[in-house]
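J.: The sequence shown begins at 265 in this note's numbering and counts up by one.
Just so you know, even glycine gets a beta-carbon here, dropped at the ideal spot from N, CA and C.
There's a structure below that I have some questions on.
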Amino acid sequence: MAQEVRGVVAPGKDEPVRIETIVVPDPGPGEAVVKIQACGVCHTDLHYKQGGISDDFPFLLGHEAAGVVESVGTGVTDVAPGDFVVLNWRAVCGKCRACTRGRPWYCFDTHNAEQKMTLASTGQELSPALGIGAFAEKTLVAAGQCTKVDPAVSAEVAGLLGCGVMAGIGAAINTGNVGRGDTVAVIGCGGVGDAAIAGSHLAGAAKVIAVDIDDRKLETARSMGATHTVNSRETDPVEAIRELTGGFGADVVIEAVGRPETYRQAFYARDLAGTVVLVGVPTPEMKLELPLLDVFGRGGSLKSSWYGDCLPSRDFPMLVDLHLQGRLDLGKFVTETVGLDQVEHAFDRMHAGDVLRSVVVL
Ligand code: APR
Ligand code: ZN
Ligand code: ZN
Numbered sequence: 265m266a267q268e269v270r271g272v273v274a275p276g277k278d279e280p281v282r283i284e285t286i287v288v289p290d291p292g293p294g295e296a297v298v299k300i301q302a303c304g305v306c307h308t309d310l311h312y313k314q315g316g317i318s319d320d321f322p323f324l325l326g327h328e329a330a331g332v333v334e335s336v337g338t339g340v341t342d343v344a345p346g347d348f349v350v351l352n353w354r355a356v357c358g359k360c361r362a363c364t365r366g367r368p369w370y371c372f373d374t375h376n377a378e379q380k381m382t383l384a385s386t387g388q389e390l391s392p393a394l395g396i397g398a399f400a401e402k403t404l405v406a407a408g409q410c411t412k413v414d415p416a417v418s419a420e421v422a423g424l425l426g427c428g429v430m431a432g433i434g435a436a437i438n439t440g441n442v443g444r445g446d447t448v449a450v451i452g453c454g455g456v457g458d459a460a461i462a463g464s465h466l467a468g469a470a471k472v473i474a475v476d477i478d479d480r481k482l483e484t485a486r487s488m489g490a491t492h493t494v495n496s497r498e499t500d501p502v503e504a505i506r507e508l509t510g511g512f513g514a515d516v517v518i519e520a521v522g523r524p525e526t527y528r529q530a531f532y533a534r535d536l537a538g539t540v541v542l543v544g545v546p547t548p549e550m551k552l553e554l555p556l557l558d559v560f561g562r563g564g565s566l567k568s569s570w571y572g573d574c575l576p577s578r579d580f581p582m583l584v585d586l587h588l589q590g591r592l593d594l595g596k597f598v599t600e601t602v603g604l605d606q607v608e609h610a611f612d613r614m615h616a617g618d619v620l621r622s623v624v625v626l
């Protein structure tokens, strides 16, 4: 039977979020209902609220979540009630050209639950953020969005793998292929950049240079594994990175801001034949101009990283295991835990740059 639970809803453009009673249907074929234990507050949730992603209000916010599967629909075999899972927003189809060529992280046809959750008061259909909607006691997702991980990890840590932390770690280890002895520079040290730093450290990078315009962020970056820091408000980051790498530039530069000027810095701060990874997400009006001769002459590769090019079934359990073994401290990304009624406050703190992640604990 459909259930009524509490959830955080963005009712309209720029309106404050509200806790509403929402109706969660029983899982249909291929779907699962998950009892949410924790869900991180991400910039994307704020973008939804501001109308920056689509106009499909009302949104059920929240998408960096972990919880326990409560029930599954017919045909679901990979997860079962009682499983502790991290939710992902790219349940791969297994059938498209990318999937059949063995590159499921590029899947062109990822899916979400088919049934809709609704507002109890009006019956209006809700649009779940990134097809998840996890600032709620329970949510309905496609079963493929649930990845089982070791339940020994705390939910507030595990949930972060569902988005920003995975994007950053994946930008380093999957897209950038950072390896032992590499020099890495990371431009922008928010949650995503810090995760790229932690990922580079984990992969054995010899030098990890953190670049930001905020000294507070640079301090945190050090605790994540940065060996050097550059405040790019005071120092030209391209020159500083070259100086720190014997005049060459870094093997891999990860751009975790998403702006043309920081991309240009990344482009010129890498060594000849090095790699640039763009994991920061630009906005539609942004344009990039570079001398084509430099693009050719400097060689190497210019890559984008979607969601850290992750494959949840491969990466989530592995990163949880490394965390539990003490080799990757994911707990550092949780600045504070808050209640369901504090999402608006968490948005303010995020906007002010005061937190890496606030995590709603249910
Ligand atoms: N140069 C260097 N650092 C900058 C600059 C700049 N010009 N402008 C902003 N920054 C820094 C900020 O000081 C902050 O530390 O970039 C960081 C951005 O961090 P957050 O706002 O916390 O964002 P985060 O969650 O890390 O996401 C970064 O990745 O997934 C995308 O949409 C996301 O585009 C965003 C990016
Ligand atoms: Zn596919
Ligand atoms: Zn997110």
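1) What three-state label does DSSP hand D593 in the structure shown?
2) Within the chosen definition, does the segment 501–521 reach the segment 534–549 through at least 3 CB pairs nearer than 8 Å?
3) Can you tell me whether DSSP reads V472 as helix, strand or coil?
4) Using a Cβ-Cβ cut-off of 7 Å, state whether S568 counts as contacting chain D.
5) Indicate the three-state DSSP secondary structure (helix, strand or coil) for D319 in the structure shown.
6) Label D290 either buried or exposed according to how many other C-beta atoms from any shown protein chain fall within 10 Å of its C-beta, with 16 as the threshold for buried.
7) Could you tell me the alpha carbon to alpha carbon distance between V540 and E334, rounded to whole angstroms?
8) Drop a sphere of 10 angstroms on the beta-carbon of F580, count the other beta-carbons inside from all chains shown, and report buried for 16 or more, exposed for fewer.
9) Considering only the alpha carbon of each residue, which of A266, R365, Q267 and G397 lies closest to A274?
10) May I ask which residues mark the beginning and end of the beta strand (DSSP E) holding R444?
11) List, from N- to C-terminal side, the alpha helix (DSSP H) runs of 4 residues or more that fit wholly inside the segment 526–609.
12) I need the straight-line Cα distance from L536 to G564, nearest angstrom please.
13) Is I477 helix, strand or coil when you go by DSSP?
14) Over what stretch of residues does the alpha helix (DSSP H) that includes E507 continue unbroken?
15) DSSP has V450 in a bridge; who is on the other side?
16) Could you spell out the range, first to last residue, of the beta strand (DSSP E) harbouring F401?
17) Sorted by chain position, which residues of the same chain lie with C-beta nearer than 7 Å to A616's C-beta, five sequence neighbours on each side aside?
18) How big is the Cα-Cα spacing for C410 and K380?
19) Pair every Cβ in the segment 374–392 with every Cβ in the segment 547–561, then say whether three or more of these pairs are closer than 8 Å.
20) By the 10 Å Cβ neighbour count, where 16 or more other Cβ atoms means buried, how is D309 classified, buried or exposed?
21) For G423, which residues of its own chain have a beta-carbon under 6 Å away from its beta-carbon, when the five flanking residues on both sides are left out?
22) Could you give the distance in angstroms between the alpha-carbon of V356 and the alpha-carbon of G339?
23) Classify F372: buried if its beta carbon has 16 or more other beta carbons within 10 angstroms, exposed otherwise.
24) For P392, which beta-bridge partners are listed by DSSP?
25) Once DSSP output is grouped into helix, strand and coil, what is the label at Q409?
26) Residues near ligand 3, CB to any non-hydrogen atom under 6 Å, in chain order?
27) Here's a check: name, in chain order, each residue in its chain whose Cβ is nearer than 6 Å to the Cβ of D320, leaving out the five neighbours to either side.
28) Classify V587: buried if its beta carbon has 16 or more other beta carbons within 10 angstroms, exposed otherwise.
29) Assign S487 to one of two classes, buried (16 or more other C-beta atoms within 10 Å of its C-beta) or exposed (fewer than that).
30) Any heavy atom of ligand 1 inside 6 Å of the beta-carbon of T526?
31) Between I461 and M265, what straight-line distance do the alpha-carbon atoms span, to the nearest angstrom?
32) Does ligand 2 have a heavy atom nearer than 6 Å to the CB of V356?
33) Using CA atoms only, rank isn't needed, just tell me which of P280, A377 and L604 is closest to E337.
34) Taking contact to mean at least 3 C-beta pairs separated by less than 8 Å, is the segment 471–487 in contact with the segment 444–461?
T.: A quick look at the data gives this:
1) As a working note, residue 593 is residue 329 in the sequence shown. Residue state, collapsed to three classes: coil.
2) A contact exists between the segment 501–521 and the segment 534–549.
3) In the sequence shown, residue 472 corresponds to position 208, counting from 1. If DSSP states are grouped into helix, strand and coil, V472 belongs with the strands.
4) Chain labels in this structure do not include chain D; a single protein chain is all it has.
5) What you label residue 319 is simply residue 55 of the sequence shown in a count that begins at 1. Coil.
6) On the sequence shown, residue 290 is found 26 positions in, with the first residue counted as 1. D290 sits exposed, since fewer than 16 C-beta atoms from the chains shown fall within 10 Å of its C-beta.
7) By one-based count along the sequence shown, residue 540 stands at place 276. By one-based count along the sequence shown, residue 334 stands at place 70. Each residue's alpha carbon lies about 42 Å from the other.
8) Within the sequence shown, numbered from 1, the residue matching residue 580 stands at position 316. Buried: at least 16 other Cβ atoms inside 10 Å.
9) Within the sequence shown, numbered from 1, the residue matching residue 274 stands at position 10. If you compare the alpha carbons of A266, R365, Q267 and G397 with that of A274, the shortest gap goes to G397.
10) Within the sequence shown, residue 444 is the residue found at index 180, counting from 1. Note, R444: premise wrong, no beta strand (DSSP E); not H, not E.
11) Here the runs fully enclosed are 556–561 and 576–588.
12) The count along the sequence shown starts at 1 and reaches residue 536 at position 272. The count along the sequence shown starts at 1 and reaches residue 564 at position 300. When rounded, the distance between both Cα atoms is 7 Å.
13) The count along the sequence shown starts at 1 and reaches residue 477 at position 213. The DSSP-derived three-state label of I477 is coil.
14) Counted from its first residue, the sequence shown places residue 507 at position 243. Per DSSP, the continuous alpha helix (DSSP H) segment holding E507 begins and ends at P501 to L508.
15) Translated into positions along the sequence shown, residue 450 becomes position 186. A474 and I518.
16) Here residue 401 refers to the residue found at position 137 when the sequence shown is read from its first residue. In the sequence as displayed, the identity of residue 401 is Glu instead of Phe. Run containing E401: none; DSSP gives neither H nor E here.
17) The sequence position of residue 616 within the sequence shown is 352, counting from 1. Leaving aside the five residues that flank A616 on each side, none in its chain has a CB nearer than 7 Å to its CB.
18) The residue labelled residue 410 in the question sits at position 146 within the sequence shown. The residue labelled residue 380 in the question sits at position 116 within the sequence shown. Going by C-alpha positions, C410 is about 18 Å away from K380.
19) A contact between stretches requires three or more CB pairs, one per stretch, nearer than 8 Å, and the segment 374–392 fails this requirement with the segment 547–561.
20) By 1-based counting over the sequence shown, the position of residue 309 is 45. D309 comes out buried.
21) As a first step, residue 423 must be located in the sequence shown, where it is residue number 159. The answer, listed in chain order, is A302, C303, G304, E328, A329 and A330.
22) Locating residue 356 in the sequence shown gives position 92, counting from the first residue. Locating residue 339 in the sequence shown gives position 75, counting from the first residue. Taking the CA atoms as reference points, V356 sits about 16 Å from G339.
23) Numbered from its first residue, the sequence shown carries residue 372 at position 108. Exposure of F372 is indicated by the presence of fewer than 16 other C-beta atoms within 10 angstroms of its C-beta.
24) Walking along the sequence shown from the start, residue 392 turns up at place 128. According to DSSP, residue pairing for P392 in a beta bridge involves L324.
25) If you number the sequence shown from 1, residue 409 lands on position 145. Residue state for Q409 is assigned as helix, using DSSP reduced to three classes.
26) Selection around ligand 3 by beta-carbon proximity, strictly under 6 Å to any non-hydrogen atom, yields C306, T308, H327, E328, C427 and G428 in chain order.
27) Stepping through the sequence shown from its first residue, residue 320 is reached at position 56. Excluding sequence neighbours, D320 sits near S391.
28) Position 323 of the sequence shown, counted from the start, is the residue given in the question as residue 587. It is worth fixing the name first, because residue 587 is His in this sequence and not Val. Residue environment: H587 is assigned as buried (16 or more neighbouring CB atoms within 10 Å of its CB, all protein chains considered).
29) As a first step, residue 487 must be located in the sequence shown, where it is residue number 223. Per the 10 Å Cβ criterion, exposed.
30) Residue mapping note: residue 526 aligns to position 262 of the sequence shown, counting from 1. Ligand 1 has a heavy atom closer than 6 Å to the beta-carbon of T526.
31) Indexing the sequence shown from 1 puts residue 461 at position 197. Indexing the sequence shown from 1 puts residue 265 at position 1. Rounded to whole angstroms, I461 to M265 spans 46 Å at the Cα level.
32) What you label residue 356 is simply residue 92 of the sequence shown in a count that begins at 1. Of the heavy atoms belonging to ligand 2, at least one sits nearer than 6 Å to the Cβ of V356.
33) Sequence index remark: in the sequence shown, residue 337 carries index 73 (1-based). Before going further, note that residue 337 is Gly rather than Glu in the sequence given. Distances from the alpha-carbon of G337 to those of P280, A377 and L604 put A377 closest.
34) Judged by Cβ distances under 8 Å, the segment 471–487 makes contact with the segment 444–461, as three or more pairs qualify.
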